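The structure under discussion appears below in the form of structure tokens.
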Amino acid sequence: MSNNEFTQELSVIEGKPSLRSLDEIISKPLDTKPDKKYYIALGVTLTMLTIGAVALAYSFYYGIGLWGNNNPVGWAWPIVNFVFWIGIGHAGTLISAILFLFRQKWRTGIARFAEGMTIFAVITAMIFPIIHTGRPWVAAVYLLPYPSQHSLWVNFYSPLLWDVFAVSTYFTVSFTFWYVGLIPDFASLRDRTKSKVKKIIYSITSLGWRHSNRHWRHYEMVYLILAGLATPLVLSVHTVVSFDFAVAQLPGWHSTIFPPYFVAGAVFSGFAMVQNVLIFIRKIFNYEHIITLDTLEKMNKIILLTGSMVGYAYTMEFFIAWYSGVPTEMFTFVNRAFGDYSWAYWIMFSCNVFIPQLFWFKKIRRTIPIMFVIAVFVNVGMWFERFVITVTSLSRDFLPSSWAYFKPTIVDGALLLGSFGLFFTLVLLFTKSLPVISIAEVKGVVDGSQPSHGEH
Amino acid sequence: MSEKILYSYSALFDTPDKIIHAAKTVAEKGFKKFDVNTPYPVHGMDKAMKLTKSKIGWVTLVFGLTGTLTAVTMMGWMMAVDYPIVIGGKPYFGLPGFGPIMFELSVLFGAVITVVALLMFFLKLPNNSHPVHDTEYMKNVSSDKYGILIEATDPKFNKNEVEALFQELGAEKILPIYFDEEEISFKPKIFDKKFIGFLVIVAAITSLSVYGTMNKVLYMIPFSWMSEQGKSIPQETSKVFKNGSDMLPPVKGTVARGYLPYRFKGQPDKAAELLVNPLLPTEENLALGKTKFNIYCSPCHGYLADGKSRLNGNFPAPPTLHSNKVRNWTDGRIYHVIMEGQNVMPSYAHQLSEKERWAVINYIRVLQRSFNAKESDLL
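These protein sequence lines are chains Z and W, in that order. Residue numbers for the first sequence follow our numbering, so the first one is 24 and each next one is one higher. Residue numbers for the second sequence follow our numbering, so the first one is 78 and each next one is one higher.
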């Protein structure tokens, strides 16, 4: 074979594994019985989930008065958690859509997993605004424009309604995108499984995919189109989430910086979460040559970039507050940094702005334990960012007579714990039921998998 | 064993370069009904197979715009035609406010319908009864081999020639693919007894659960539209206290704030002896006393407490407070009169608070002094 090496890029998959070995290693978790560690992990996440479920049942029965929400701080933790989880969901679409458009081949190893996390994070996020209404079984219907006996429609000028459309569209499109990506993998699994039941399941889910090039031709075009549609979509979702705040008149919220600031923050926290989970996945399932250290390093670079953008937004907010000359606006920001909630503000600031700056050092970008810890800090910081934005502004609004300090209750804590339980339970089940790495995509980027330039 | 019907001849190759070359050659030879199966999309294969660019983008465009239009029509009709309400001073039909949902619905329609169109119309899936399924050929191309197949129905198809062609191209393996017996005599199983039974069971479960939810579950706590609110309802027995009420009567001897009972009822002498004026004649107290005196006392006793008032003549004349009797009374004795009244005068206990009573007494003392001023008072 003539191979004109001089145009070759550095491979994103290490060691040029054979295609069949990729099949084997990726489908191994699906073919083998889970080990003890898996059950322990699942036990932990299910316990967390149960605690959350019990807290939720209590909240339904006795009402949401069990939460810490008080009179000025009506939004409190449910919205903090909602924005946090929606943010986590953004990395998946960014990796699968935006990096696809930019032809970043290193995304292939992590795209499937990140997309899965997007879906789980959005599911987790959607719970919170609905339960926040107190009567979700009613609210779930009232959120949609349906012809009711009141003959009244929903308010299409409300950012909260935009949110309903944005998040549900995001979920639907992400899920579709994910499923389209899974079809060829289901077909590969169908052809290699020896179990009869699995064969039937994979035959149904693969829709009878034949790896035909006459199909690939349309398939690749659709993948490109979906990436093109998902890119503005992912940017729009957090923009709309930020409108929930920015369209309100409250000091600290009514600001045009919110959409880009929220999107950067979402990508920031999403990448941190994906990086955290992938570190475990690549180690446990021996995917070190597919999800390489280079890939992790590139993710850390994105964390550094978005973290700096978030840091810029934090400081710019102060400037704009001063420049606006609005006393309440100025007070809000001074209060954030030095008021009752200054502890939360400085946790946020140090976790999101100072700590990720360590990623300027190549050695730190490539040392797994350190990058793991930094990403954990980033997620803590990003949760606190939403806390600071929501709670400080609400607890100190225009009228000093309505000011009040917000304190969460144990039920709030249990719900947050439960949301982590739900998310990680879904992640764990995912690792054992679906290929966590896109088999077809990874095969396409292995060295020598594409025809050499000399031939045509 | 009935005779098998040939679907195609297929060949497996080892490397992407070989399959590109094979596809190119087969296409150049003029075959039309041939296909290449690869585990992943191989770059340049469309060109080699002489395939045109996919036109599925048009589906996205058309249905994306349909989504935009649907959103505008829906929101415009609901907000401006069916039930117009002014919201925040915005126009009924406000395009900027519709923007986000227009965008979301465009993406939603565009993405979902594109995928449905791709699977159902462009790829004609789901199809699990294609002849290549479950063949050795399929098992290889879905893992690590690159396959090409030429269908037997192609006008140029000739068993031997095709086999020779594949050999010449360097095929690793050449395999004929036959139709399965089942695939030829395939009948839809929609009217299968089992399937219909399954549908009936699904319908029964669905209707029962919907009926149960709408008629039973939604009327149970906590789904019951807040009918259970944990508040006390008038005229209903409550479980809070044993006597069936939500509130208990006050403990015996309970005194309302500011309503201490008068200790010297009917005992003017004791009151005169034991009650002591707690207020000093400060400017503030005298001002209060003056206000209250002018309101409550002056109608009968006059502004100067001399009994010359605007009600003079309508009642038995009220006495002057400058008499020796009153001047020699202690503050406690006057207090007693304010509390209990005297002759025609009723009790003023309800009009004046305790502090105000003493303040009024201080003011009366001032008036008395002013009528009997000494020289030293002038200084």
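Don't be surprised by glycine CBs; every beta carbon is placed ideally from N, CA and C. Just so you know, these numbers come straight off a predicted model, no measurement behind them.
#### Entry: chain W residues whose Cβ lies nearer than 7 Å to that of residue 263 of chain Z
Proximity of chain W to residue 263 of chain Z at the Cβ level (cut-off 7 Å) is accounted for by 177, in chain order.
#### Entry: In DSSP terms, what residue 251 of chain W is bridged to
The partner list for residue 251 of chain W (beta bridge, DSSP) reads W:88.
### Task
Answer with yes or no whether the minimum CB distance from residue 204 of chain Z to chain W is below 8 Å.
Taking Cβ atoms only, chain W never reaches closer than 8 Å to residue 204 of chain Z, which makes this a no.
### Query
Should the stretch 309-322 of chain Z be regarded as contacting the stretch 346-363 of chain Z, the criterion being three or more beta carbon pairs within less than 8 Å?
Contact between the stretch 309-322 of chain Z and the stretch 346-363 of chain Z is absent, with fewer than three C-beta pairs closer than 8 Å.
### Message
In chain order, what are the residue ranges of uninterrupted alpha helix (DSSP H) at least 4 long that sit wholly in the stretch 405-435 of chain W?
### Response
As far as the stretch 405-435 of chain W is concerned, its whole alpha helix (DSSP H) runs of at least 4 residues are 408-417.
### Query
Considering only residues of the stretch 187-229 of chain W, which uninterrupted alpha helix (DSSP H) runs meet the minimum length of 4 residues and lie entirely inside it, listed in chain order?
With a minimum length of 4 residues, the continuous alpha helix (DSSP H) runs that stay inside the stretch 187-229 of chain W are 213-218.
### Task
Out of W:215, W:140, W:172 and W:223, state which residue places its alpha-carbon closest to the alpha-carbon of residue 183 of chain W.
In this structure, W:140 is the residue among W:215, W:140, W:172 and W:223 with its C-alpha nearest to the C-alpha of residue 183 of chain W.
#### Entry: Straight-line Cα distance separating residue 418 of chain Z from residue 166 of chain W
When rounded, the distance between both Cα atoms is 28 Å.
### Task
Report yes if the C-beta distance between residue 35 of chain Z and residue 116 of chain Z is below 8 Å; otherwise report no.
The Cβ-Cβ distance between residue 35 of chain Z and residue 116 of chain Z does not fall below 8 Å.
### Task
Determine, using beta carbons only, whether residue 249 of chain Z comes closer than 8 Å to chain W.
For residue 249 of chain Z, the answer is yes, since a Cβ of chain W falls inside 8 Å of its Cβ.
### Task
Could you tell me whether the Cβ of residue 183 of chain Z comes closer than 8 Å to any Cβ of chain W?
Look at residue 183 of chain Z: its C-beta is not under 8 Å from any C-beta on chain W.
#### Entry: Between the CA atoms of residue 143 of chain W and residue 232 of chain Z - distance to the nearest angstrom
When rounded, the distance between both Cα atoms is 29 Å.
### Query
Which residues in the same chain have their Cβ closer than 7 Å to the Cβ of residue 416 of chain Z, if we skip the five residues on either side of it in sequence?
Result list for residue 416 of chain Z: 273, 274, 275, 276 and 355, in chain order.
### Query
Span of the beta strand (DSSP E) holding residue 111 of chain W?
Residue 111 of chain W -> beta strand (DSSP E) spans 111-114.
### Message
Less than 7 Å separating the Cβ of residue 166 of chain W from some heavy atom of the ligand MG?
### Response
This structure lacks the ligand MG; in fact it carries no ligand of any kind.
### Task
Identify whether residue 304 of chain W lies in helix, strand or coil by the three-state DSSP scheme.
Residue 304 of chain W: coil per DSSP, three-state reduction.
#### Entry: Within chain Z, the residues that residue 152 of chain W reaches when beta carbons sit closer than 7 Å
Listed along chain Z are 179, each with a C-beta nearer than 7 Å to that of residue 152 of chain W.
### Query
What is the rounded straight-line gap between the Cα of residue 294 of chain Z and the Cα of residue 322 of chain Z?
About 7 Å.
### Query
Using a C-beta cutoff of 8 Å, does residue 188 of chain W count as contacting chain Z?
Using a CB distance cut-off of 8 Å, residue 188 of chain W counts as an interface residue toward chain Z.
### Query
Which chain W residues are close to residue 126 of chain Z, counting only those with a beta carbon under 7 Å from its beta carbon?
Neighbours of residue 126 of chain Z on chain W: none; closest Cβ ~12 Å, over 7 Å.
### Message
Output needed for residue 431 of chain Z: all residues of its chain with C-beta closer than 8 Å, excluding positions within five of it in sequence on either side, in chain order.
### Response
Beyond the five residues adjoining it in sequence on each side, residue 431 of chain Z comes within less than 8 Å, by CB distance, of 90, 91, 99 and 100 in the same chain, given in chain order.
### Message
Only counting the same chain, and skipping five residues up and downstream in sequence, which positions put a Cβ closer than 7 Å to that of residue 78 of chain Z?
### Response
Taken in chain order, the residues that qualify are 434, 437, 438 and 441.
### Query
Helix or strand or just coil, what does DSSP make of residue 229 of chain Z?
Three-state result, residue 229 of chain Z: helix.
#### Entry: Euclidean distance between Cα positions of residue 358 of chain W and residue 347 of chain W
Cα to Cα, residue 358 of chain W sits roughly 24 Å from residue 347 of chain W.
### Task
Return the CA-CA distance between residue 324 of chain W and residue 300 of chain W, expressed in angstroms with no decimal places.
If you take the alpha carbons of residue 324 of chain W and residue 300 of chain W, they lie about 29 Å apart.
### Query
Taking DSSP as the reference, what is the three-state secondary structure of residue 242 of chain W?
DSSP places residue 242 of chain W in helix when its eight states are reduced to three.
### Task
Output the distance between the C-alpha atoms of residue 161 of chain W and residue 173 of chain Z, rounded to the nearest integer angstrom.
Taking the straight line joining both Cα atoms gives about 14 Å.
#### Entry: Distance between beta carbons of residue 148 of chain Z and residue 108 of chain Z, contact taken as under 8 Å
That belief holds up - the Cβ atoms of residue 108 of chain Z and residue 148 of chain Z are roughly 4 Å apart, short of 8 Å.
### Query
Are the C-beta atoms of residue 310 of chain W and some chain Z residue less than 8 Å apart?
Cβ-Cβ to chain Z under 8 Å: no for residue 310 of chain W.
### Message
Rounded to the nearest angstrom, what separates residue 215 of chain Z and residue 101 of chain W at their Cα positions?
### Response
Approximately 29 Å, taken between the alpha carbons.
### Message
Please list, in chain order, the chain Z residues whose beta carbon lies closer than 7 Å to that of residue 184 of chain W.
### Response
Those are 192, 196, 252 and 256, listed as they occur along chain Z.
### Query
Helix, strand or coil: which one does DSSP assign to residue 131 of chain W?
Three-state result, residue 131 of chain W: coil.
### Query
At which residues does the alpha helix (DSSP H) containing residue 446 of chain Z begin and terminate?
That run of the alpha helix (DSSP H) goes 433-456.
### Query
Using a beta-carbon distance cut-off of less than 7 Å, what residues from the stretch 115-146 of chain W approach chain Z?
Within the stretch 115-146 of chain W, the qualifying residues are 115, 116, 117, 118, 119, 120, 121, 122, 123, 126, 128, 131, 133, 134 and 137.
### Query
Is residue 167 of chain W close to chain Z, meaning its C-beta is less than 8 Å from at least one C-beta of that chain?
Put simply, the CB of residue 167 of chain W is near chain Z, with a gap under 8 Å to one of its CB atoms.
### Query
What do you get for residue 291 of chain Z, buried or exposed, if any count of 16 or more other CB atoms within 10 angstroms of its CB means buried?
A residue is called buried when at least 16 other Cβ atoms come within 10 angstroms of its Cβ; residue 291 of chain Z meets this threshold and is buried.
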